[in-house]
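There are 2 protein chains.
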Amino acid sequence: MSSKYVYFFGPQETEGDAAMKNTLGGKGANLAEMAKLGMPVPAGFTISTEFCTAYFAEGRQFPQSLRDEVAAAMRKVEAAMGMTFGDPQNPLLLSCRSGARQSMPGMMETVLNVGLSSKTIPGLVKKTGNERFVYDAYRRLIMMYSDVVMEKAEDVEPAEGKGIRLQLEHLMTRAKKNAAKKLGKAAKDVLDTDLTAADLKRLCLNFKKKVQEVLGREFPDDPQEQLWGAIGAVFKSWQGRRAVSYRKIENIPAEWGTACNVQSMVFGNLGETSATGVAFSRNPATGDNKFYGEWLVNAQGEDVVAGIRTPNPLNEETKNPQNKHLPSLQAEWPELYRQLDEIRSKLEHHYKDMQDIEFTIQDGKLYMLQCRNGKRTGTAALNMAMDMLEEGLIDERTAVTRVQPAQLDELLHPIVDAEAEKSTEPFLHGLPAGPGGACGKIVFTSADAVAAARKGEKVILVREETNPEDVEGMRAAEGILTARGGMTSHAALVARGWGKCCIVGAGEAKIEAAAKRMSVGAIKLKEGDLLTLNGTKGCAYQGALKMIDATENPRFQGFMRLVDKFRDMGVRTNADTPEDARVARGFGAEGIGLFRTEHMFYGAGADEPLFLLRKMILSKNVEERKAALDELFPFVKKSMKDTLEAMDGLPVTIRLLDPPLHEFVPQDPKNRSALAKALGISPAQIKKRGEALHETNPMMGHRGVRLGITYPEVTEMQVRAIVEAAAELKKDGRSPKPELMVPVTCDVSELDVTKVVFDKVKKEVEERMGIAVDCLYGTMVEIPRVCLLADRMAKTAQFFSFGTNDLTQMTFGFSRDDVGGFLPDYLEDNVLEADPFQTIDQSGVGQLVEMAVVKGRSTRADLKLGICGEQGGDPASVEFCFRTGLTYVSCSPYRVPIARLAAAQAAIKAKKK
Amino acid sequence: MSSKYVYFFGPQETEGDAAMKNTLGGKGANLAEMAKLGMPVPAGFTISTEFCTAYFAEGRQFPQSLRDEVAAAMRKVEAAMGMTFGDPQNPLLLSCRSGARQSMPGMMETVLNVGLSSKTIPGLVKKTGNERFVYDAYRRLIMMYSDVVMEKAEDVEPAEGKGIRLQLEHLMTRAKKNAAKKLGKAAKDVLDTDLTAADLKRLCLNFKKKVQEVLGREFPDDPQEQLWGAIGAVFKSWQGRRAVSYRKIENIPAEWGTACNVQSMVFGNLGETSATGVAFSRNPATGDNKFYGEWLVNAQGEDVVAGIRTPNPLNEETKNPQNKHLPSLQAEWPELYRQLDEIRSKLEHHYKDMQDIEFTIQDGKLYMLQCRNGKRTGTAALNMAMDMLEEGLIDERTAVTRVQPAQLDELLHPIVDAEAEKSTEPFLHGLPAGPGGACGKIVFTSADAVAAARKGEKVILVREETNPEDVEGMRAAEGILTARGGMTSHAALVARGWGKCCIVGAGEAKIEAAAKRMSVGAIKLKEGDLLTLNGTKGCAYQGALKMIDATENPRFQGFMRLVDKFRDMGVRTNADTPEDARVARGFGAEGIGLFRTEHMFYGAGADEPLFLLRKMILSKNVEERKAALDELFPFVKKSMKDTLEAMDGLPVTIRLLDPPLHEFVPQDPKNRSALAKALGISPAQIKKRGEALHETNPMMGHRGVRLGITYPEVTEMQVRAIVEAAAELKKDGRSPKPELMVPVTCDVSELDVTKVVFDKVKKEVEERMGIAVDCLYGTMVEIPRVCLLADRMAKTAQFFSFGTNDLTQMTFGFSRDDVGGFLPDYLEDNVLEADPFQTIDQSGVGQLVEMAVVKGRSTRADLKLGICGEQGGDPASVEFCFRTGLTYVSCSPYRVPIARLAAAQAAIKAKKK
């Protein structure tokens, strides 16, 4: 192994830069970049992501070459900082932090204060003159190291409640109780800072005894051993349960790996002239162009993020009701604030994006520990993109790429109705950590949230504070409420990443998770009670408040106009009703890609057409069937006409009746009797017909075009309805653009046979009504064979519309109705990387789609190509469709803006290449 | 249109030859060839098959260019024959006959005696001096022409029993009744020849009146109009119902078209020195090298074929009990027989194959009307091939191609046990028209035969005589028995073509089809009664006689040795039991391509393993499941070991448990209760588990490898069984060659995850038993996605076995259990050309197979490739597999010889190219 794995950064010399994110991870690349920009970054080095891959490939070993590289870099760090690692007089302390290409907040491990040992502690005490600080740092090191390195990274599985961290926390609590007695305070009012040097020294001893007792090994006293243990733990945490779970949700490939950043420690907890903080160059929740952040005096970074103490505001103008009584950095230390604000400005102009910053003040001197592009809500992403565009910081193309398509979702989803809010009082206030509104039943654990969501219930996850173990429950919940934590706490970061409504730090709430209840003063709530959150304001209401649409935002409209400048693939919607059609038009749909005829037989108002359909199905011969179809005809025509009218001037793809007929025959005796009575036949006849129609595998049974081959009169009636509806609209001066789509084809003969019916009926209607109607004739592509023979299909079909739901079913041999039996195991065990019904399987199903596109266009150059499966609204699938050369994608109305943005970004990405 | 469509043949000049079969059809090409060989062929011309295609493409019109070509050829015919078409003094009469590339006996139309009209009749009477003959010819022309040209070809659909032919036959019967009075005979004893010239003249007048009355048009009196009408009818009959149905069964493409042969008439019915006959150069039923045929004095060819009069034998040595009292041609007219026998010998040496000959003797002069390769039974095909090889007439390669793979079927199927026959007496004798034995229930109509066969019942079709409308029923029946007809009657020809057991001309049988009963003397039989036929001897028995295998034939063994000389693709069998394995080895199987583990849970002796399997399925947790699996293990191991032993030294592909588990949970309350009692649980628990396992589309549900992903312990048990069984056999000095096959995979991860289990268990067993076992690891290829990703699959899989049943299901989206609802319509309407479950869909599924082969071999050059779907025994599919480069095909034991022959023929065909 002769690869270079270690990259140094420091004030004089820096080997990496921001462009090397893939190698150095986001954190390492930005540390290098900041160092290059001359910002005050403590010296250190990054072990690259490539080593992470090698580490797992080589059985989790450190080769000698790496040890040599680290030793060399360490000498430079020591030179830059003027201290020496492990030196008894002037010891250098180090931090080891993970850093992947893409930020995974709280999902991987960090170890601080590495290098404290029986040999270095006395020297450091002497040098800092602060024994209390040194032992405080030491107890932190022991706690973190024993948990992260000795337990988790070694895959020690402690019994419930027996984890080393928890046991050390018990010792800490006991130490505080002892201190309380001495101080005459209540135990709960004792702060960490109330513990004296002697207390902490004793605590460290007890900690080390407990580690030996619980883990059966001594806490290592050799700085080198500490260092390599910490480095190993950082890399191992890449394959930890939480990280794997987060990667699955975020679609981060395991091959990326993490880097490990080893950096000189600077201390925010060296005393009252030291502090630590995190900040965003703009407000990550709203996008407001105001410097926004939190800090704590005499603290380490983890204290701010962990949400244990409520942090101070960064400046005066961003104070909020929760922290308005606390001192701002601006007021407290104006010169340091000015320096930091200057760095903020420099960074934003350098990176041309909102920055998430970590800083430490050690003995009055500012150090930059981290900067990275900040996570933000969809609202903030959109506002920042438009602001930065107006500020001239970025161009239009960049603005379009600054909002993730999925983030638009939150903008399209409801907020709490302002009128409804006026008429009621919030019962609880907290920090507005994730915007928008949410309403649902209270649950108190992540597992309950997941279980409820599986049942289709909307829930609000209420926690004392969240931790990385809660990510799946947070994902499943409509909204999140925590009693503790600040705007940069775990809950807030994760919720904002997903554009999820979230309130944190609602300290008045007393939460008893085990008992599944909470109280706010006299108000008592239990599991299942309804709760409404306004995440934009940070207040919560009892019961369910009215919610309204959030799309009237002119900023949103402006952004979408910008998006359409860069988009060249069409976006249609799947809509079966005039209402859906109108909603989708409002969202910018350019037509209907899938109108399902059968929709009129489901739901409200479907009684009469459904009855007539059943009558048709139960006909004993062609004559009876034709008579029933004649009765059904006006309903079918009306349904088509209304939707064509709502989409006037835009194409509407109407699919012929698709489901197997037995779906419409009532199964239970009661409904059967009622239908029999109405039709004047016996229930036994209905039962018999139902049984005759029963199929073992209905998905692959008598449906789609197969119905039309057996009962051409059913096709005739539908064609007549389409053509008459269009003819009538045209006579009224409208511009209907129907497209007839034949479903479930597997051979061009099916299209040819059906086209004979289509042509004949169309001609009849046109002659009878004295008006010509344009109607494209095409097919759904949902059976693998059709992709293989697409050249033949395109000889008859004027368009293809990929039905990727069924195509995925048949390409995988997965019945969507039945995958519940094994697909969760497949995803859990990583047998499949993603659910192919969520995002198109590009390697398998994608090959068939590409084949169909190439073959289809080989015989019909102007073949129209669309996709109407549910994946039409999935950004990755939209990008695939763009690359494959599709004419349009079609998706549900609420996903139309997402598809528009995804299509524009795909076009921009393709131009870059 | 400047193509040449018309080809003349005659004594001086002939434009075509036998090589031009595609253009001239079989009959036309052979007439041309015979003419070139100097044989006495009446002059004529052939309108080519290319014109047939043009005719339908151009809307059934005759272009002027064709009319010009025909006129030119006609002048040559007239010159050769010394007569003129339509000439009042010396009129030439013509026949118009169809002739496709491949013979389709009785499926298309013929019109004879074209050219008789009010103008030509007097001249012909004068010239022949035989008024009776002329009017007999005329009444035949009217009957044939009105039926074939005026009714059928014009698609006139007569009411039941109102067809013109039937109505004219009534007139004929009436004329015979009148004659009977005059002759003092019973009406049924009056022969056609008893009618006088005056009777026939009157009959012709009545015929023409009836034609006018029924069809509303006059019978045409213009010879040219007659000629073009007849030519049109011949071409139209290519698209007639019967021809289309026959083509479907025989897989003849519609694009081939038919030629039309227009030839000078010669008359076998000119009086007692005229005759007509058909002959085979060798016996078409047995292959005996004896000149074999039938003839009738004073008759036209149709009289012999129609089976109305029992014909005379050709020579003394081939007389049989039914015709031994009749005069042979050899005895009657020795010189003419000598001439014919010489022609027979010349033709066989020329064509090097058995010839089917039609001849006519007109006034003592022999004319050859047709020769073609004769249809034959499988037995005859095999015997002739081996005889001709021994005679030096053909080489080994040719001998192998002389037997159609499907014909072997009859050689593998049972014959009546000779011992059983000895102990009983036949109740009925007839002509041995199709060899072998058959046993089944009597049915009297084609429709009943088809219906019974669909229900899986074996039936014997009993008919007075068969006609082309009966082909589907004949196909469906085990055997055919007719009361009338000779060895060259319709029934005999068709049955022999299919190698079907058939007895014709069993004149003692009185058949009342409408009443669904028959009698032979005092013996009365009705529909459903059992009947046994010995088609080789021509005798029938009441009840079911014992049947035995016919494969011990040394001729068969010799032929199969020859076959294997040319074969290079392997042939394995699908077998689940040691018995099947042994049968298949006897037929030459070179291993097992599919051993289905689950077979042991079905049928006799399955009670205990099935109980244990159910126990496993109903386990509440992993521990219970493992315990149940341990109990099941010895049964699974024994099943595998027995079959490995039976196939010792040859590979055995063992598929892991494949079906969804709910298939094994009893559905009905009674069985559920019994199982519950045995397992000590409640029936409700069983019901609940059954419901939990229920799937909407089980074909695409939780089955195959998916079971193993969810329950790895089930896979473990099976691997343990395979490896232990093989290890034990190896210790006993055997050479077991197991191959583990993973079913229903869609991704290589499934194979990788399962391989971890495989490797682990294999290693454990090998270490425990102290012996190494070789076992290939591969996958079934039955999901479309696997074909698309075959390069990845082959990185883990050492072999692929195409499961073309499921692959066809998913490629078409056809559920095999449900296609009954629409596939018959698809085949009926020609939406699909063939049932893709019978023969592999080369254009669609075939593309996937080819892709998998190419991609698979790209990552593993020595990948073994096989097919184990049912199509493995279909000759066209075997040829496809050979072309695609598969290592072997696997089929049911009884199809192994068929697959061997098909593979050899495919190799010979490929070498030719």
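In the order they appear, the protein sequences are chains A and B.
Numbering-wise, our numbering puts 811 at position 811 of the first sequence, and it's gapless, one number per residue.
Numbering-wise, our numbering puts 1094 at position 94 of the second sequence, and it's gapless, one number per residue.
C-beta atoms are modelled at their ideal positions from N, C-alpha and C, and glycine is treated no differently.
Among residues of its own chain, excluding the 5 on either side of Pro1683(B), which ones have a beta-carbon nearer than 6 angstroms to its beta-carbon? Looking up residue 1683(B) in the second sequence gives position 683. Within the same chain, Pro1683(B) has close Cβ partners Arg1672, Ser1673, Ala1676.
Along chain A, which residues have their Cβ under 9 angstroms away from the Cβ of Thr1696(B)? Taking the first residue of the second sequence as position 1, residue 1696(B) is located at position 696. Chain A residues near Thr1696(B): Asn697, Pro698, Met699, Ser815, Arg816, Asp817, Asp818.
Measuring straight from C-alpha to C-alpha, what distance separates Gly1479(B) and Cys1539(B)? Within the second sequence, the letter at position 479 stands for residue 1479(B). Within the second sequence, the letter at position 539 stands for residue 1539(B). Their Cα atoms are separated by approximately 12 angstroms.
What did DSSP end up calling Gln1037(B) once you bin it into helix, strand or coil? In the second sequence, the residue the question calls residue 1037(B) occupies position 37. In the sequence under discussion, the amino acid at residue 1037(B) is Leu, which differs from the Gln named in the question. Residue state for Leu1037(B) is assigned as coil, using DSSP reduced to three classes.
Less than 8 angstroms between CB atoms is the rule here; does Gln89(A) satisfy it with respect to chain B? Here residue 89(A) corresponds to residue number 89 of the first sequence, with the count starting at 1. At least 8 angstroms separates the CB of Gln89(A) from every CB of chain B.
Reduced DSSP secondary structure (H/G/I, E/B, other) of Pro405(A): Locating residue 405(A) in the first sequence gives position 405, counting from the first residue. Helix at Pro405(A).
Ignoring anything shorter than 4 residues, give me the alpha helix (DSSP H) runs that lie fully in the stretch 1553-1638 of chain B, in order along the chain. Annotation note: the stretch 1553-1638 of chain B contains the following uninterrupted alpha helix (DSSP H) runs of length 4 or greater, listed N- to C-terminal: 1554-1566, 1578-1586, 1607-1617.
Segments assigned alpha helix (DSSP H), at least 4 residues, entirely inside the stretch 1338-1420 of chain B: Within the stretch 1338-1420 of chain B, the alpha helix (DSSP H) runs of at least 4 residues that lie entirely inside it are, in chain order, 1378-1391, 1396-1401, 1405-1412.
Segments assigned alpha helix (DSSP H), at least 4 residues, entirely inside the stretch 1710-1798 of chain B: The stretch 1710-1798 of chain B contains these whole alpha helix (DSSP H) runs: 1712-1731, 1748-1769, 1784-1788, 1790-1796.
Compare the C-beta of Met810(A) with all C-beta atoms of chain B and state if any pair is closer than 8 angstroms. Here the question's residue 810(A) lines up with position 810 in the first sequence. Against chain B, the CB of Met810(A) has a partner CB under 8 angstroms away; the residue lies at that interface.
Excluding the 5 residues flanking Met1(A) on each side, which residues of the same chain have their C-beta closer than 6 angstroms to its C-beta? For the purposes of this step, residue 1(A) is taken as the residue at position 1 of the first sequence. With a pLDDT of 44 at Met1(A), under the threshold of 50, the modelled position of that residue is not reliable, and the figure given next carries that caveat. Answer for Met1(A): Pro63, Ser65, listed in chain order.
Look at Gly593(A) and His1702(B) and say whether their C-beta atoms are less than 8 angstroms apart. Stepping through the first sequence from its first residue, residue 593(A) is reached at position 593. Stepping through the second sequence from its first residue, residue 1702(B) is reached at position 702. Not a contact, by the Cβ cut-off of 8 angstroms.
At a CB-CB cut-off below 9 angstroms, which residues of chain B make contact with Ile231(A)? Residue 231(A) sits at position 231 when you count from the first residue of the first sequence. None at all; the shortest Cβ gap to chain B is about 30 angstroms.
Chain-ordered chain A contacts of Tyr1602(B) [CB-CB under 9 angstroms]: Counted from its first residue, the second sequence places residue 1602(B) at position 602. When 9 angstroms is used as the limit between beta carbons, Tyr1602(B) is near no residue of chain A, the shortest such separation being about 18 angstroms.
Round the Cβ separation of Arg97(A) and Thr110(A) to the nearest angstrom and send it over; I've been treating them as touching at under 8 angstroms. As a working mapping, residue 97(A) is identified with position 97 in the first sequence. As a working mapping, residue 110(A) is identified with position 110 in the first sequence. The Cβ separation is near 5 angstroms, so the contact holds.
Going by other Cβ atoms of all chains shown within 10 Å of its Cβ, with 16 needed for buried, is Lys565(A) buried or exposed? Here residue 565(A) is taken as the residue at index 565 of the first sequence, counted from 1. Classification for Lys565(A): exposed.
So, do the stretch 1745-1764 of chain B and the stretch 816-834 of chain A have three or more beta carbon pairs nearer to each other than 8 angstroms? Enough Cβ pairs lie closer than 8 angstroms, so yes.
Which residues in chain A sit within 9 angstroms of Asp1829(B), going by Cβ to Cβ distance? Start at 1 with the first residue of the second sequence, and residue 1829(B) comes out as number 829. Going along chain A in sequence order, the residues near Asp1829(B) (Cβ under 9 angstroms) are Ile709, Ser749, Val753.
Pop quiz: Ala1813(B) and Val1781(B) are said to be a contact at Cβ under 8 angstroms. What is the actual Cβ separation, rounded to whole angstroms? Counting from one through the second sequence, the residue named residue 1813(B) turns up at place 813. Counting from one through the second sequence, the residue named residue 1781(B) turns up at place 781. Before going on, a small fix: residue 1813(B) reads as Gly here, not Ala. Separation of the CB atoms of Gly1813(B) and Val1781(B) is rounded to 18 angstroms, and the pair is thereby denied contact status at 8 angstroms.
Same chain, Cβ closer than 6 angstroms to Ser1281(B), neighbours up to 5 away in sequence not counted: For this step, residue 1281(B) is matched to residue 281 along the second sequence. Beyond the five residues adjoining it in sequence on each side, Ser1281(B) comes within less than 6 angstroms, by CB distance, of Arg1344, Glu1348, Met1354, Gln1355 in the same chain, given in chain order.
On the CB-based measure, 16 or more other CB atoms within 10 Å of its CB, does Pro660(A) come out buried or exposed? As a first step, residue 660(A) must be located in the first sequence, where it is residue number 660. Buried, since its Cβ has 16 or more Cβ neighbours within 10 Å.
With 8 angstroms as the threshold, decide whether the Cβ of Val1244(B) is near any Cβ in chain A. Here the question's residue 1244(B) lines up with position 244 in the second sequence. No - not a single Cβ of chain A is within 8 angstroms of the one on Val1244(B).
Does any C-beta atom of chain A lie closer than 8 angstroms to the C-beta of Arg1929(B)? As shown, chain B starts at 1001 and ends at 1913. That puts residue 1929(B) outside it, with no answer to give.
Can you pull the chain B residues whose beta carbon is under 7 angstroms from the beta carbon of Cys746(A), in chain order? As a first step, residue 746(A) must be located in the first sequence, where it is residue number 746. By Cβ distance, chain B contributes Phe1812, Gly1813.
Any chain A beta carbon closer than 8 angstroms to Arg1596(B): Within the second sequence, residue 1596(B) is the residue found at index 596, counting from 1. Among the CB atoms of chain A, none fall inside 8 angstroms of the CB of Arg1596(B).
Does chain B have any CB closer than 8 angstroms to the CB of Pro666(A)? To locate residue 666(A), count along the first sequence from 1; it is residue 666. Taking Cβ atoms only, chain B never reaches closer than 8 angstroms to Pro666(A), which makes this a no.
Check for me: the alpha helix (DSSP H) holding Arg1463(B) runs from which residue to which? Position 463 of the second sequence, counted from the start, is the residue given in the question as residue 1463(B). Bounds of any alpha helix (DSSP H) do not take in Arg1463(B); it lies within the beta strand (DSSP E) bounded by 1459-1463.
Does the CB of Gly680(A) have a neighbour CB from chain B at under 8 angstroms? Counting from one through the first sequence, the residue named residue 680(A) turns up at place 680. It does not: the Cβ of Gly680(A) has no partner Cβ on chain B nearer than 8 angstroms.
Going by DSSP, what residues sit across from Ser1890(B) in a beta bridge? The residue labelled residue 1890(B) in the question sits at position 890 within the second sequence. Beta-bridge analysis with DSSP links Ser1890(B) to Arg1572(B).
Inter-residue CB distance, Trp295(A) and Thr310(A) (contact presumed, cutoff 8 angstroms): Working through the first sequence from its first residue, we reach residue 295(A) at position 295. Working through the first sequence from its first residue, we reach residue 310(A) at position 310. No, Trp295(A) and Thr310(A) are not in contact; Cβ-Cβ is about 12 angstroms, not under 8 angstroms.
If we define contact as Cβ-Cβ less than 8 angstroms, is Gly1542(B) a contact residue for chain A? The residue given as residue 1542(B) occupies position 542 in the second sequence. It is worth fixing the name first, because residue 1542(B) is Gln in this sequence and not Gly. It does not; no Cβ of chain A falls within 8 angstroms.
Interface residues of chain B around Phe822(A) at Cβ under 7 angstroms? By 1-based counting over the first sequence, the position of residue 822(A) is 822. Those are His1702, Arg1706, Ile1709, Thr1710, listed as they occur along chain B.
How many Å lie between Phe611(A) and Thr710(A) at the Cα? The residue given as residue 611(A) occupies position 611 in the first sequence. The residue given as residue 710(A) occupies position 710 in the first sequence. Using only the alpha carbons, I get a separation of about 21 angstroms.
8 angstroms contact criterion, which Thr14(A) and Ser48(A) should meet: CB distance rounded: Taking the first residue of the first sequence as position 1, residue 14(A) is located at position 14. Taking the first residue of the first sequence as position 1, residue 48(A) is located at position 48. Not confirmed; about 15 angstroms, so no contact.
For Glu1255(B) and Gly1123(B), what's the separation of their Cα atoms in angstroms? On the second sequence, residue 1255(B) is found 255 positions in, with the first residue counted as 1. On the second sequence, residue 1123(B) is found 123 positions in, with the first residue counted as 1. When only Cα atoms are considered, Glu1255(B) and Gly1123(B) end up about 43 angstroms apart.
For the ligand ATP, is there any heavy atom lying closer than 7 angstroms to the beta carbon of Ser843(A)? The ligand ATP is absent from the structure shown, which contains no ligand whatsoever.
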